[in-house]
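Okay, structure first, notes after.
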Amino acid sequence: MAAINGTTGTDTLQGTAEDDRIDAGAGNDRVSGEGGDDRIDGGAGDDLLYGDAGVGTAPGNDASPITLSYASRLFNTGNSADEGDSVFYDNVATLDNGGGVFARLVLVDTSNDDMPIDLTGGTGFEILLNSGDGSRSRYAGETATFRLEFYDRQHYIDTGEFKPIALNSTATFNDLDRNNPGDQESVTLDTNSFTSFATSDDTSLNVTNADGTVTAAGTEANSPDDQDAWFSGQFENREFIEFTLETRSTQSGFTLSGDLIDDAVVTPIEAGNDTILGGEGDDTIFGQGGNDSLDGGEGDDQIEGGDGQDTITSGGGNDRAEGGQGSDLFNFTSGGDHTIVGGEDADGTDVDVLNLSGLDRSQYTLTKTGPESGTIEFRDADGNVTGTTTYSEIEEVVICFTPGTTIATRRGEIPVQQIKVGDLVVTRDNGLQPVRWVGRRNLGRDNLLRTPGFNPVRIKAGAFGEGVPQRDMMVSPNHRMLVASETAEVMFSEREVLVAAKHLVGLDGVDTVTPDKVSYIHMLFDNHEVVFADGTWAESFQPGAHSMAGIQSEQRSEILSLFPELELADGMSNFVAARRSLRAHEAQLLVSASAA
């Protein structure tokens with residue numbers, strides 16, 4: 005693991021292909037984690053943070069494939085380019101809005117300083133290695149690394165200044181040849197810079213993908229029109245790309261043709277599962293590929309999960325959070341004027357979850373405006389509105405028991421799946437109480453793979469003390485368990501508090517499990533109750549806007565027919581919690597103190 009530290013100033017930091025720990029420090033920083041599963045801490049300041057490839061100024065601009073044209077060169081370096089030499093090319097790509105792109109081709113490094121290199125060789129071989137007169141077989145196998153930087157053409161025309169521009173585009177290398185075995189041209193891409201690579205379906209190239217690079221090597225002599233010798237790399241949010249070229253024993257010409265491969269076989273480059281902490285300031289965070297954990301922290305943040313099953317946390321300030329592709333989980337640590345967009349997959353199978361369990365239920369009101377949309381109004385202790393969050397493309401919330409959990413009733417301990425309406429259940433506060441409604445939600449393997457946040461929490465026998473619980477039990481991650489301890493009394497002035505099961509993970513004997521399927525069962529009483537389950541105390545179903553949104557429409561109709569007052573905002577707010585419910589950070593403090 006690489007440790008990369010910034011300064012108190014404005015830094016541009018780039019990770020490696022490994023699992024990095026990047027601490028940007030204070031200042032307005034730009035960070036890209038690149039490959040691997042990275043942990044990035046933006047610190048104070050207004051930061052731009054990418055989990056994977058990036059270091060762009062904004063989300064990438066869609067552009068046509070990159071073209072290097074001899075006719076568009078702005079000056080010629082000749083055939084003796086040295087490290088650091090460069091050439092500008094005009095109109096290397098066209099943006100979706102019709103704008104143009106300048107590019108600067110820089111010779112970064114060579115394996116042999118004596119190998120002649122021409123940065124503007126000619127039409128169709130704009131980059132020429134082993135150039136000069138005659139055959140130079142002694143340079144066979146030598147390499148040169150290049151960086152191609154992108155600049156906004158219109159900005160240069162208007163101001164005379166070169167302004168970097170981030171692109172989403174494709175770089176296609178034509179005509180990779182071989183003279184003899186071991187004497188070939190090749191292109192090597194750093195996977196940090198690219199999201200996928202492609203060849204034709206009948207490729208003659210020898211392609212290897214290992215150790216953070218992808219290399220395509222020629223296996224025969226080809227014409228530039230032979231697509232079986234073409235190789236391309238796709239990239240997103242890049243202000244520059246880097247690649248390495250290998251020469252054969254004779255002159256080796258390379259170009260970026262601006263073409264796309266017909267019938268291409270595209271291989272994605274796996275992105276990392278990153279952890280990004282925005283910290284203070286107004287941050288812009290891109291998780292990109294992988295299953296990322298993104299926390300905006302304080303300030304007005306812009307957060308985009310990208311592909312994968314991401315966990316996105318909004319803190320203080322007014323954030324805009326978008327999940328992107330995949331089933332994402334959205335958490336709150338405090339209210340605000342947030343905008344939450346779950347994102348929709350093309351096939352519509354994603355399940356995005358809005359999790360409010362870390363907030364005090366008495367201090368917000370959730371109003372649904374559609375099947376997957378609504379608003380959340382936050383209030384302070386005096387009832388004053390402190391913020392309004394809007395959400396859309398959000399599908400599910402789940403809070404309940406799993407089958408096999410035994411419930412103490414007048415008839416003895418009964419498996420929860422056998423509980424019926426009318427059964428008298430032992431409650432901690434009100435003795436035997438009749439069950440008014442029972443509901444069940446079945447989740448299969450596909451549901452759990454799409455939304456790992458639905459996986460149950462296992463509480464092992466004795467995790468809360470000798471014989472508590474009496475046996476291993478599983479509950480949904482948002483199901484709240486009763487914790488009674490002197491520690492709770494010291495910390496919260498209440499000996500008994502309710503804690504979501506997922507916030508107990510970290511205690512010895514409490515963990516998250518990943519079954520192939522799970523069923524969650526709800527029990528509803530006239531009031532929110534604490535019931536005796538598997539020898540420990542846990543909550544019953546508490547109808548609220550977010551928990552009602554997590555059950556199926558037929559079940560919701562059943563509950564409203566039993567409790568019509570729940571259709572009114574006051575009806576739900578009057579269904580008060582049986583105990584104080586700890587917020588996420590409060591639960592973490594309690595767990596840490598209990599584990600000490």
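Just so you know, the numbering used here puts 138 at position 134 of the sequence shown, and the rest follows in order with no gaps. Where is the CB? At the ideal position from N, CA and C, for every residue including glycine.
Rounded to whole angstroms, what is the Cα-Cα separation between residue 186 and residue 262? Taking the straight line joining both Cα atoms gives about 29 Å.
Residue 114 and residue 148: beta carbons closer than 7 Å? For residue 114 and residue 148, yes; Cβs fall inside 7 Å.
Are there 16 or more other CB atoms within 10 angstroms of the CB of residue 424, so buried, or fewer, so exposed? Per the 10 Å Cβ criterion, exposed.
Would you check if the stretch 337–347 and the stretch 390–398 touch, i.e. whether three or more CB-CB distances between them fall below 8 Å? Counting C-beta pairs closer than 8 Å gives three or more between the stretch 390–398 and the stretch 337–347, which meets the contact rule.
What is the C-beta distance between residue 467 and residue 512, in whole angstroms, given that I count them as a contact (C-beta under 8 Å)? Contact flag correct, Cβ pair sits at about 7 Å.
Less than 7 Å between the C-beta atoms of residue 209 and residue 217, yes or no? Between residue 209 and residue 217, the gap from beta carbon to beta carbon reaches 7 Å or more.
Endpoints, alpha helix (DSSP H) assigned at residue 119: Premise fails: residue 119 is in no alpha helix (DSSP H) and is neither H nor E.
Within the continuous alpha helix (DSSP H) that includes residue 492, where are the two ends? In the DSSP annotation of this structure, the continuous segment of the alpha helix (DSSP H) that includes residue 492 starts and ends at 490–496.
In terms of residue numbering, what span does the alpha helix (DSSP H) encompassing residue 602 cover? Residue 602 falls outside the range modelled here, since the chain spans only 5 to 600, and no answer is possible.
Where are the beta strand (DSSP E) runs, 3 residues long or more, that stay fully inside the stretch 409–439, in chain order? Correct list: 410–413, 416–419, 428–431, 435–438.
Would you check if the distance between the CB atom of residue 289 and the CB atom of residue 298 is smaller than 7 Å? A contact, by the Cβ cut-off of 7 Å.
By the 10 Å Cβ neighbour count, where 16 or more other Cβ atoms means buried, how is residue 428 classified, buried or exposed? Burial state of residue 428 is exposed, judged by a 10 Å Cβ sphere holding fewer than 16 other Cβ atoms.
Name, in chain order, the residues that DSSP records as bridge partners for residue 526. DSSP, once it has assigned bridges, lists 443 as partnering residue 526.
Please look up how many angstroms separate the CB atoms of residue 155 and residue 168, rounded, as I've assumed it's under 8 Å. For residue 155 against residue 168, the beta-carbon gap comes to about 6 Å, under 8 Å, which counts as contact.
Can the beta-carbon of residue 110 be found closer than 7 Å to that of residue 90? Cβ distance < 7 Å, so residue 110 and residue 90 count as in contact.
Quick check on the burial criterion: 16 or more other C-beta atoms within 10 angstroms. Buried or exposed for residue 589? Exposed, since its Cβ has fewer than 16 Cβ neighbours within 10 Å.
Quick one: what's residue 108 bridged to in DSSP? For residue 108, which the question treats as bridged, DSSP gives the partners 92, 153.
Just to confirm, is the Cβ distance from residue 338 to residue 455 under 7 Å? At a Cβ-Cβ threshold of 7 Å, residue 338 and residue 455 do not count as neighbours.
Only counting the same chain, and skipping five residues up and downstream in sequence, which positions put a Cβ closer than 7 Å to that of residue 388? There are no such residues.
Buried or exposed for residue 252, please, with buried defined as at least 16 other CB atoms from any protein chain shown within 10 angstroms of its CB. Of the other Cβ atoms in all chains shown, 16 or more fall within 10 Å of the Cβ of residue 252; this residue is therefore buried.
Taking the alpha-carbon positions, what's the residue 7 to residue 192 distance? If you take the alpha carbons of residue 7 and residue 192, they lie about 26 Å apart.
The alpha helix (DSSP H) enclosing residue 450, as first and last residue numbers: Element bounds for residue 450: 449–454.
Less than 7 Å separating the beta-carbons of residue 181 and residue 222? It is a contact, given that the beta carbons lie within the stated cut-off.
On the CB-based measure, 16 or more other CB atoms within 10 Å of its CB, does residue 470 come out buried or exposed? Residue 470 comes out exposed.
What is the DSSP secondary structure of residue 267, reduced to helix, strand or coil? In the three-state DSSP reduction, residue 267 falls in the coil class, being neither helix nor strand.
Please report the Cβ distance between residue 174 and residue 53, rounded to the nearest whole angstrom; I am assuming they are in contact, meaning their Cβ atoms lie under 8 Å. At roughly 25 Å, the Cβ-Cβ gap does not stay under 8 Å, so residue 174 and residue 53 are not in contact.
Note down, in chain order, each residue of its chain lying with its Cβ closer than 8 Å to the Cβ of residue 533, except the 5 sequence neighbours on either side. Closer than 8 Å at Cβ, skipping near neighbours: 429, 431, 432, 433, 434, 437, 543, 544, 582.
Environment of residue 157 [buried if 16+ CB atoms lie within 10 Å]: Residue 157 should be labelled buried.
Short Cβ contact (7 Å threshold) for residue 477 with residue 371: For residue 477 and residue 371, no; Cβs fall outside 7 Å.
Could you tell me if residue 60 is buried or exposed, where buried requires 16 or more neighbouring beta carbons within 10 angstroms of its beta carbon? Only weak support is given to the placement of residue 60: the predicted model assigns it a pLDDT of 42, under 50, and the value that follows is read from those uncertain coordinates. Residue 60 comes out buried.
Inter-residue Cα distance where the pair is residue 238 and residue 271: Roughly 10 Å between the two C-alpha positions.
CA-CA distance, residue 121 and residue 200? So the two alpha carbons sit approximately 28 Å from each other.
Any C-beta of chain B under 7 Å from that of residue 258: Note that chain B does not occur in the displayed structure, where there is just one protein chain.
CB residue 97 to CB residue 284, shorter than 7 Å? For residue 97 and residue 284, no; Cβs fall outside 7 Å.
Residues in the same chain with beta-carbon distance under 6 Å from residue 584, minus the five sequence neighbours each way, listed in chain order, please. Cβ within range, chain order: 498, 501.
One or two residues paired with residue 26 in a DSSP bridge: Per DSSP, the beta-bridge partners of residue 26 are 8, 44.
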